[in-house]
Amino acid sequence: MINININTPEANLELEALLDYLKHSRGCDLTGYKRSSLMRRLQYRMRCININSYQSYQQYLHSEPDELPALLNEFLIKVTSFFRDHHAWDYLATEIIPKIITSKQTDEPIRVWSAGCATGQEIYSCLILLAEALGIESCLKRVKCFATDADQAAIRQAQQGIYTATQIIGIPPALQEKYFQDTNEGYVFHSKLRRRIIFCCHDLTWDAPMSKIDLLICRNVLIYFNLKAQQSILVRFHFALEKTGFLFMGKAEAIITRRQLFPPVSFKQHVYAKGLNLEIEDYFSLITRGKSRLFKD
Ligand SMILES: C[S@@+](CC[C@H](N)C(=O)[O-])C[C@H]1O[C@@H](n2cnc3c(N)ncnc32)[C@H](O)[C@@H]1O
Numbered sequence: 042m043i044n045i046n047i048n049t050p051e052a053n054l055e056l057e058a059l060l061d062y063l064k065h066s067r068g069c070d071l072t073g074y075k076r077s078s079l080m081r082r083l084q085y086r087m088r089c090i091n092i093n094s095y096q097s098y099q100q101y102l103h104s105e106p107d108e109l110p111a112l113l114n115e116f117l118i119k120v121t122s123f124f125r126d127h128h129a130w131d132y133l134a135t136e137i138i139p140k141i142i143t144s145k146q147t148d149e150p151i152r153v154w155s156a157g158c159a160t161g162q163e164i165y166s167c168l169i170l171l172a173e174a175l176g177i178e179s180c181l182k183r184v185k186c187f188a189t190d191a192d193q194a195a196i197r198q199a200q201q202g203i204y205t206a207t208q209i210i211g212i213p214p215a216l217q218e219k220y221f222q223d224t225n226e227g228y229v230f231h232s233k234l235r236r237r238i239i240f241c242c243h244d245l246t247w248d249a250p251m252s253k254i255d256l257l258i259c260r261n262v263l264i265y266f267n268l269k270a271q272q273s274i275l276v277r278f279h280f281a282l283e284k285t286g287f288l289f290m291g292k293a294e295a296i297i298t299r300r301q302l303f304p305p306v307s308f309k310q311h312v313y314a315k316g317l318n319l320e321i322e323d324y325f326s327l328i329t330r331g332k333s334r335l336f337k338d
């Protein structure tokens, strides 16, 4: 196996130069990812092409157009499934979705954002629960979803809403029957409901957040980011949520912030409410200043 020299001051400088090159010359900012996984993934790519220094890797990236997509593919880990961690989804169905519905007039819209949706299983799971709670007709009238991810290929796949028999195993058979059509291409999600979802490529560390969201699902995404990037994303999420909105996170994730910003609704199921009211200028200063008093306990 090729030996990569990574623990010298020179290697550290080369790594910084490489990250700087990616950010400023290639429009690809990887600095928000945790340092350990950043290095692991870079080194994996370097081993694949027999390169043993960050400097040579930067030259390779410059000369080989296919390398940047290959590198990004290493970062954008797309593991997902329908109703992943089903206890948390049961909690969402029995405790949170009814709260969202009763907090609104019967003709008011309900807005959901799945951020880091990968190949779409998460947003379709949520739409199934909403359709079960509201009835399909009312769901078609009232629910609007946004499903975003930094990975363009994943978004394209999500948009199709076509899954294999193995991929839909996590869905109870009655719901499979009701929400999927068995076709030659695979199991296709209910087409009218699918049209309630807007899919788009969106980088959580960079792009403007959605707004007026009642339920923001961001599961198994923040774990890849360092604390500073997590905090800046959480400020954006706070902005995105309605006053009565909820944030649903992954099993291995916790919010490291003052409780006033996102008071927990259930620590166990990783559901948080929107706390504190902030003014628009507070958001700007929180995002531009990065770490803020709100994140110090
Ligand atoms: C492990 S998957 C989680 C999928 C789904 N949320 C779930 O829990 O089943 C992580 C997703 O985060 C996306 N991701 C990583 N960095 C991102 C970023 N900066 N902006 C938006 N999405 C990102 C990846 O492309 C990937 O689809």
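So the sequence shown is residues 42 to 338, counted in this note's numbering.
Where a beta carbon is used, it is the ideal one built from N, C-alpha and C, also for glycine.
Since we're looking at a predicted model, the values are computed, not measured.
Can residue i be considered in contact with ligand 1, in the sense that its beta carbon sits closer than 7 Å to one or more heavy atoms?
i, result
"K265", "The sequence given here has Tyr at residue 265, not Lys. Yes, ligand 1 has a heavy atom inside 7 Å of this Cβ."
"E163", "yes"
"G68", "no"
"G286", "no"
"T192", "A quick correction: the sequence has Asp, not Thr, at residue 192. True, at least one ligand heavy atom lies under 7 Å from that Cβ."
"T246", "yes"
"N114", "no"
"R81", "no"
"G157", "yes"
"G291", "yes"
"T121", "yes"
"R236", "no"
"L117", "yes"
"A195", "yes"
"V262", "yes"
Thinking C-beta only, is residue j closer than 8 Å to residue i?
i, j, result
"R183", "P139", "no"
"A74", "E115", "Just to set this straight, residue 74 is Tyr in the shown sequence, not Ala. Not a contact, by the Cβ cut-off of 8 Å."
"F308", "L288", "no"
"A194", "G161", "no"
"L59", "Y98", "yes"
"K185", "R236", "no"
"L109", "R81", "no"
"I177", "C242", "no"
Ends of the alpha helix (DSSP H) at residue i?
i, result
"A281", "268-281"
"C69", "Careful: C69 lies outside any alpha helix (DSSP H) and carries neither H nor E."
"Q200", "193-201"
"D131", "127-132"
"Y101", "95-104"
I need the boundaries of the beta strand (DSSP E) containing residue i, first residue and last residue.
i, result
"R152", "151-156"
"C180", "Careful: C180 lies outside any beta strand (DSSP E), inside the alpha helix (DSSP H) at 177-183."
"L257", "254-259"
"I118", "From DSSP, I118 is part of no beta strand (DSSP E); its letter is neither H nor E."
"Q222", "221-223"
"I239", "238-242"
"P139", "Where P139 is concerned, there is no enclosing beta strand (DSSP E), although the alpha helix (DSSP H) it sits in stretches over 138-143."
"Y265", "No beta strand (DSSP E) contains Y265, which DSSP labels as neither H nor E."
For residue i, which residues in the same chain have their Cβ closer than 7 Å to its Cβ, ignoring the five residues on either side in sequence?
i, result
"E226", "I203"
"S78", "Y265"
"K64", "D70, T72"
For residue i, I'd like the list of residues in its chain whose CB is within less than 8 Å of its CB, leaving aside the five on either flank, ordered along the chain.
i, result
"E294", "R260, N261, L263, I264, H311"
"R334", "For R334, the pLDDT reaches just 45, beneath the cut-off of 50, and the residue's location in the model is therefore unreliable, although a value from the coordinates is still provided. The answer is none, since no qualifying residue turns up."
"L170", "W130, L133, A134, I138"
Considering only residues of the same chain and omitting the five flanking positions on each side of residue i, which have a CB-CB separation below 6 Å?
i, result
"F280", "P250, Y324"
"D255", "I141, I151, R152, E283, G286"
"G291", "R260, N261"
Compute the Euclidean distance between the alpha carbons of residue i and residue j, then round it to the nearest angstrom.
i, j, result
"Q301", "I210", "39 Å"
"I90", "Q271", "32 Å"
"L56", "D248", "25 Å"
"Q217", "L234", "14 Å"
"Q198", "P50", "42 Å"
"L327", "Q100", "36 Å"
"K332", "I296", "With a pLDDT of only 43 at K332, under 50, the local geometry of the prediction cannot be trusted, and the value read off the model is given with reservation. Approximately 14 Å between the Cα atoms of the pair."
"T143", "A111", "46 Å"
"L245", "C158", "11 Å"
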